[in-house]
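In my numbering, the protein residues as written are 2 to 277.
Right, dumping it as structure tokens:
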């Protein structure tokens, strides 16, 4: 499509912006009722953005179109707006664009050749599809990054390693420990041992009511890993149910970790010499 035609189309859509808006709203019945709500929730002006998409679809601004799609995807994801509304809105824009392109030919008595028509069809539809692809990729990336950051925050909260002296840290564990969480505990514990140069890690299990066999084996491997890094492990608060399970498996903390009845006892034993 030539530059002259692009300018003519742009001028035609600009001169008929009110008619375009009315036609667009009639095409997007469900979204029409949500325009003001979306503007309030996400500061997203659907009507103004529709005009931008039309201008991009009939012009040669691929870079601007891609950036526009990216920003739209982020805004839509950030405010948890419904994707179904966005898809309906863009398809309504597509139908309305073609309605006015046809009207342009009628009003201007323009009779495009088959070649020109199919070139126009490819350009307009390809660019609207390009916008949709960019929008959904940006939307998905934002959501994926958000989920990862939330997961990381949850993992940090589920493995709270608390320094109580330059050499001693406490890892209080509460709630259910499944295989996924035990993997997280191992990874976080070993990383923090290296980062903080922990010499003694007190693992308090008083908040754990039971452990599955796989988790117990994994805990043993975590203790082995800590020992290999020069960190002594101290286990406190073991409940009778867990002790019975460990002994049934033929396992023991002997030569692996010290055990104390309570966290308080461990802190008294390991901190009193430091204070004095």
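Glycine included, each C-beta is placed from N, C-alpha and C at the ideal position.
Residue i versus residue j - alpha carbon distance
{"i": "residue 121", "j": "residue 17", "result": "20 Å"}
{"i": "residue 41", "j": "residue 100", "result": "30 Å"}
{"i": "residue 142", "j": "residue 97", "result": "30 Å"}
{"i": "residue 168", "j": "residue 39", "result": "53 Å"}
{"i": "residue 183", "j": "residue 221", "result": "11 Å"}
{"i": "residue 45", "j": "residue 266", "result": "59 Å"}
{"i": "residue 264", "j": "residue 238", "result": "7 Å"}
{"i": "residue 231", "j": "residue 200", "result": "7 Å"}
{"i": "residue 277", "j": "residue 257", "result": "Any answer about residue 277 is weak, because its pLDDT of 40 lies below 50 and its placement is not dependable; what the coordinates show is given next. About 28 Å."}
{"i": "residue 111", "j": "residue 102", "result": "11 Å"}
{"i": "residue 204", "j": "residue 147", "result": "31 Å"}
{"i": "residue 234", "j": "residue 249", "result": "22 Å"}
{"i": "residue 133", "j": "residue 192", "result": "42 Å"}
{"i": "residue 136", "j": "residue 104", "result": "29 Å"}
DSSP three-state assignment for residue i, whether helix, strand or coil
{"i": "residue 212", "result": "coil"}
{"i": "residue 175", "result": "strand"}
{"i": "residue 194", "result": "helix"}
{"i": "residue 217", "result": "helix"}
{"i": "residue 55", "result": "helix"}
{"i": "residue 160", "result": "coil"}
{"i": "residue 112", "result": "coil"}
{"i": "residue 46", "result": "coil"}
{"i": "residue 187", "result": "helix"}
{"i": "residue 180", "result": "helix"}
{"i": "residue 254", "result": "coil"}
{"i": "residue 226", "result": "helix"}
{"i": "residue 275", "result": "Low confidence applies to residue 275: its pLDDT is 45, below 50, so where it sits in the model is not reliable enough to give any reading."}
{"i": "residue 60", "result": "coil"}
Run of the alpha helix (DSSP H) containing residue i, from where it starts to where it stops
{"i": "residue 94", "result": "84 to 108"}
{"i": "residue 38", "result": "36 to 43"}
{"i": "residue 69", "result": "63 to 79"}
{"i": "residue 23", "result": "18 to 28"}
Residues that residue i bridges to, as DSSP identifies them
{"i": "residue 237", "result": "205 and 261"}
{"i": "residue 232", "result": "Paired residues: none, contrary to the question."}
{"i": "residue 169", "result": "201"}
Cβ-Cβ separation, residue j to residue i (assumed contact under 8 Å), whole Å
{"i": "residue 163", "j": "residue 216", "result": "The pair is not a contact, with the Cβ atoms about 22 Å apart (cut-off 8 Å)."}
{"i": "residue 125", "j": "residue 58", "result": "5 Å"}
{"i": "residue 89", "j": "residue 29", "result": "6 Å"}
{"i": "residue 74", "j": "residue 138", "result": "7 Å"}
Heavy atom of the ligand GTP within 6 Å of residue i beta-carbon
{"i": "residue 228", "result": "The ligand GTP is not among the ligands present in this structure, which contains no ligands whatsoever."}
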